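Each residue of the sequence shown is one higher than the one before, counting from 37 in the numbering used here.
All C-beta atoms in this analysis are idealised placements derived from N, C-alpha and C, irrespective of residue type, glycine included.
Keep in mind that this is a model prediction, so the values were computed, not measured.
See structure below.
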Amino acid sequence: MSNEAVVVSQAVDVPADVVYAFARQMDKLPLWASGLAKGIAQRGGEWFADSPMGEVKVAMAPPNDFGVLDHDVTLPNGVSVHNAFRVTPCGDGSLLSFVVLRPADASAQSFEADVAHVRRDLAALKQLVERQPP
Numbered sequence: 037m038s039n040e041a042v043v044v045s046q047a048v049d050v051p052a053d054v055v056y057a058f059a060r061q062m063d064k065l066p067l068w069a070s071g072l073a074k075g076i077a078q079r080g081g082e083w084f085a086d087s088p089m090g091e092v093k094v095a096m097a098p099p100n101d102f103g104v105l106d107h108d109v110t111l112p113n114g115v116s117v118h119n120a121f122r123v124t125p126c127g128d129g130s131l132l133s134f135v136v137l138r139p140a141d142a143s144a145q146s147f148e149a150d151v152a153h154v155r156r157d158l159a160a161l162k163q164l165v166e167r168q169p170p
């Protein structure tokens, strides 16, 4: 098991409660979470997304007052990956932070690609919420 992790952060010029409300909308995930860019749909009370790896199940943390958007992604092979994600108030805006854990079997190059992927997704989320009308 690898203990390597990188925390990717992104400042956003929108209040945390607004960012949180937008980011937790499962049907909006494909707009900024590029791994789910092909679409997401609810079936039987659960959310399933088309990803580059095939269909994955996405389970978001329940609504909360702390800005926690942690979510578990269950891969087609049954492995579940926990993603730690949070929106933190920061002045008049907010800070997105996402912990990218390096899987034990991931190469350094693969891990760097995962980190870069998360950076792009958080930048996309920032652009989306900053363009939303207040």
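Query: Length of the line joining the Cα atoms of residue 138 and residue 103; Result: 24 Å
Query: Length of the line joining the Cα atoms of residue 50 and residue 157; Result: 17 Å
Query: 8 Å Cβ cutoff met for residue 83 and residue 93; Result: yes
Query: Under the three-state DSSP convention, the category residue 65 falls into; Result: helix
Query: Close Cβ partners of residue 58 (< 6 Å) along its chain, the five nearest in sequence each way excluded; Result: 165
Query: Residue 123 vs residue 130 beta-carbon contact at 8 Å; Result: yes
Query: Those runs of the beta strand (DSSP E) which lie wholly inside the segment 86-165 and span at least 3 residues; Result: 90-96, 107-110, 116-126 and 129-137
Query: Own chain residues within Cβ distance below 8 Å of residue 96, not counting five before or after; Result: 60, 62, 83, 105, 106 and 107
Query: Of the residues 113, 43 and 53, the one placed nearest residue 125, counting alpha carbons only; Result: 53
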